[in-house]
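Asker: Structure below; questions to follow.
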Amino acid sequence: MTAQVDFLPVTNADAVAPTPPEAGQVLWLCLCFPSLALRLHRWRGPVQAVFDDQHRAYAVSAAARAAGIRPGMSVAAASVRCGALERRDRDVRQEAAALAGLGRQCLRLTPLVSLAPPDAILLEVRGSLKLFGGFSGIQRAWRDELKPWSQDCHWAAAPTPLASLLLARQQRAVKVESQDRLHSALRELPIAGLGVDPGLIERLHKIGLRHLRDLWRLPRDGLARRFGFGLLNYLDRVQGRQADPRPIYRSPQQFSAEWELSLATTDCRAIVTAAKELFRQLVGFLRQQDAGVTRVRIDLFHDRVPATPLDIGTRHSTRDGAHLVHLLDQTLRHREVPAPVTRIRLCRVRVQPFAPHRPDLFGGCGTDGGGWRRVLDELEARLGWQAVRQVRCSMDHRPERAWTHQRLSAHGIGPRPRPLWLLARPQRLILRQGRIWRRGYLSLRSGPERIESGWWDGGDCRRDYYVADNPLGQRLWIFRDLKRHGHAWYLHGLFG
Amino acid sequence: MKTAGADLDSLPPSLKAHLQPPAPGPSTGFNELDRALPTGGWPVGAVIEVICGCWGIGELRLFLPLMRFCLQQGRRLAWVMPPYVPYAPALMQAGVDLDRVVVVEPEHRDTEALWGVECLLRSTACAIVLAWPAQLSEKAVRRLQLAAQSGGGLGILFRADGQSGRWETAPVALRLRIDAEPGGLAVEILKARGGCRRSTIRLALP
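The listed protein sequences derive, respectively, from chains Z and W. If you're matching positions, the first sequence starts at 1 in our numbering and goes up one per residue. If you're matching positions, the second sequence starts at 497 in our numbering and goes up one per residue.
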């Protein structure tokens, strides 16, 4: 019986059902976005279809479905069914980016997010149930988080990722809590919905197998012999008899997001409304990183005209979406948009550690630093940074040079730091392993501040001053002498 | 029967401000002027209009005590569209903390400047906004007055005497005309919310 050995390359032990792992305590929520491919394009009418590179319909809108167009149809067959059909080519790269964007937003709900391309996301939500107040809380949270998408999103929850994916793709909005109930929830699923090779599905159909329950009724070793271990493996993973490790999605360190406007426009309000969605994503991203931004670039893309860049800056690390939207609004009013905007991109985000505004103990508003910064941001956004300045004294006898304009610095509005102790003669600092040493390695706190003066009296100096800390807790005023060869470091003062 | 007090309570806050006795404000630094003003000092949360024959007769020195007072309290000061350069060494000499002073000079002068004044007045962080608007309508003054009321700061609008525009009916809290005098300043109170005899006060300026 050599043939049997050929059909069964692995020992019988593998064909015996493995004991299910201790997986009872996980719950995978699957969110499936069947219209993802459609929504990345701009359309004029409701009869929409996206075709893949084989010229087969990949995704169709509800109106197209009503007209008889089904996924998998050829272009010719689809066009015959409806004359008003609009066709677009599938953009796989953009789909992947959009799915990753959705995954990033879902990180607010759980740290365990896994992407299931092309159109689904898996979330392990068991750990988050308590935080959100049960499963209904989670449901509300994701609907709220993915608001523009939640209308045509299918969900399902099950103890195994594959089962939840199958249920969601079949549009069964069910929650299966335990492993025991999984079997009955899955038994009626059609085999055609399994994510396996289409040829294999056809072979299964030919022998009269239509539903999962038909497959389960067959003996395992027979199934393995006829259709290979791949199928058996797949079924085991669906039921949780075998571990199904999933790649965990990690949010990228850089943020970039785009939004396609449904209608090209020069109207500020429409642009701001669209940008709101991007800022909402940005705020979600910043919350995950526990960070804020001080600078954001918004690119407005036009048809056949170079993009218009808009820079928005704040003087304080913030993640207040409403404030950023307000600044964009003011910036737009100040600027002329040269052509209708088709697409908006938010990128080049300068991420900073988040520093929330702390009111003082008694809630006083006398020195309301936060409010002041907001006003200055607002003024700079609309009037330009040249319009908002401070005046300063400078050391010169000529009256017209005894003052200067100074741009408001991004951090605190205050004078340059000066130490309370000055060394009569600067002390040379040594370097150890390329780092400045003074009773320990120094870490720079602020600087540089260039001081360059005295050419007329022979005491010409050109120095870059920094404030540095050492491990003993001393705060030092050090400089780098740019006049001397080698640019040596010196200690010049102590903040006593 | 309704009492007069109940009626007063049902009024919107913007109207109530006109009917109630004005809250005492910070001293002007000049005793004669303090006595003449119904608030016993400059009003707060309001707009003051100052009509000058020309710049440089002491219109800034009149407000220096107020500026010093506000800066000592850690509040801030904004100059919008000053006609000349605010000279830093002199401000320092006068005891003005330059770190708390910001100068706003927009490119598109008229509308943007007014927007800036309104924005600064509405914020609670800015105590005094000194502004030299090129043109001003009654409607704009009304807006600024409302902004000052919500922010609690003081807006001071300087106007050259010959400047056009119908300002006479504008709802400012205080309208002054100042003229040079030998060794000082003659301050004529044209209008003061809270009721006041039309009078001229002579001040000796440093």
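C-beta atoms are modelled at their ideal positions from N, C-alpha and C, and glycine is treated no differently.
1) Between which two residues does the alpha helix (DSSP H) carrying V92 (chain Z) extend?
2) Residues in its own chain within less than 6 Å of V296 (chain Z) by CB, not counting five upstream and five downstream?
3) Shortest alpha-carbon distance to A322 (chain Z) belongs to which of Z:I191, Z:E188, Z:F279?
4) In angstroms with no decimal places, state the Cα-to-Cα distance between V283 (chain Z) and T620 (chain W).
5) What does DSSP give as the partner residues of W259 (chain Z) in its beta bridges?
6) For G199 (chain Z), count the other beta carbons within 10 Å of its own beta carbon; 16 or more makes it buried, fewer makes it exposed. Which is it?
7) Who are the near neighbours of E684 (chain W) in its chain, counting only those whose CB is closer than 6 Å to its CB and skipping five residues on each side?
8) So, do the stretch 333 to 351 of chain Z and the stretch 261 to 279 of chain Z have three or more beta carbon pairs nearer to each other than 8 Å?
9) Between P353 (chain Z) and chain W, is any beta-carbon pair separated by less than 9 Å?
10) Ends of the alpha helix (DSSP H) at H492 (chain Z)?
11) Quick check on the DSSP output: what are the complete alpha helix (DSSP H) runs of length 4 or more inside the stretch 27 to 59 of chain Z, in order along the chain?
12) In chain order, what residues of the same chain have a beta carbon less than 7 Å from the beta carbon of R428 (chain Z), not counting five sequence neighbours either side?
13) Interface residues of chain W around Q390 (chain Z) at Cβ under 8 Å?
14) Using a Cβ cut-off of 9 Å (strictly closer), state whether W259 (chain Z) contacts chain W.
15) Taking buried to mean at least 16 other C-beta atoms within 10 Å of its own C-beta, is E188 (chain Z) buried or exposed?
16) Please classify H205 (chain Z): is it buried, with 16 or more other beta-carbons within 10 angstroms of its beta-carbon, or exposed?
17) Would you decide whether I413 (chain Z) is buried or exposed? Buried here means 16 or more other CB atoms lie within 10 Å of its CB.
18) Can you check whether the C-beta of E634 (chain W) is within less than 9 Å of a C-beta belonging to chain Z?
19) Answer yes or no: do F495 (chain Z) and I451 (chain Z) have a C-beta to C-beta separation smaller than 9 Å?
20) Looking at the structure shown, is H323 (chain Z) part of a helix, part of a strand, or coil, going by DSSP?
21) So with CB distances below 7 Å, who are the chain W contacts of E378 (chain Z)?
22) For the alpha helix (DSSP H) that contains I138 (chain Z), what are its first and last residues?
23) Does chain Z have any CB closer than 9 Å to the CB of W611 (chain W)?
24) Would you check if there are 3 or more beta carbon pairs closer than 8 Å linking the stretch 121 to 139 of chain Z to the stretch 42 to 53 of chain Z?
25) Helix or strand or just coil, what does DSSP make of R246 (chain Z)?
26) Is the separation between the beta-carbon of V599 (chain W) and that of P579 (chain W) shorter than 9 Å?
27) Where does V305 (chain Z) land, buried or exposed, given buried means 16+ other C-beta within 10 angstroms?
28) Thinking just about the alpha-carbon of each residue, which of Z:P148, Z:D152, Z:Q179 is nearest to the one in A163 (chain Z)?
29) If you follow the alpha helix (DSSP H) that V305 (chain Z) is in, where does it begin and where does it stop?
30) Would you call H411 (chain Z) buried or exposed, if buried means 16 or more other Cβ atoms sit within 10 Å of its Cβ?
31) If we call anything under 9 Å between Cβ atoms a contact, is V50 (chain Z) one with V60 (chain Z)?
32) Is K635 (chain W) helix, strand or coil by DSSP?
33) Can you tell me the Cα-Cα spacing of R557 (chain W) and Y466 (chain Z), whole angstroms?
34) Less than 9 Å separating the beta-carbons of L567 (chain W) and D593 (chain W)?
35) I'd like to know if L310 (chain Z) contacts chain W, where contact means its C-beta is closer than 9 Å to some C-beta of that chain.
Answerer: Concretely, from the data shown:
1) 92 to 106
2) I312, V349
3) Z:F279
4) 26 Å
5) Z:I344
6) exposed
7) R673, T696
8) yes
9) no
10) No alpha helix (DSSP H) contains H492 (chain Z), which is instead part of the beta strand (DSSP E) from 489 to 494.
11) 36 to 39
12) A488, Y490
13) L594, D595, V597, V598, V599
14) no
15) exposed
16) exposed
17) Reliability of the predicted coordinates at I413 (chain Z) is poor, the pLDDT of 44 falling under 50, and no value is obtained from them.
18) no
19) no
20) helix
21) C615
22) 135 to 145
23) yes
24) no
25) coil
26) no
27) exposed
28) Z:Q179
29) From DSSP, V305 (chain Z) is part of no alpha helix (DSSP H); its letter is neither H nor E.
30) Interpretation of H411 (chain Z) is limited by its pLDDT of 44, a score under 50 that renders its predicted location unreliable; the figure taken from the coordinates is listed afterwards. Exposed, by the Cβ-count rule.
31) yes
32) helix
33) 40 Å
34) yes
35) no
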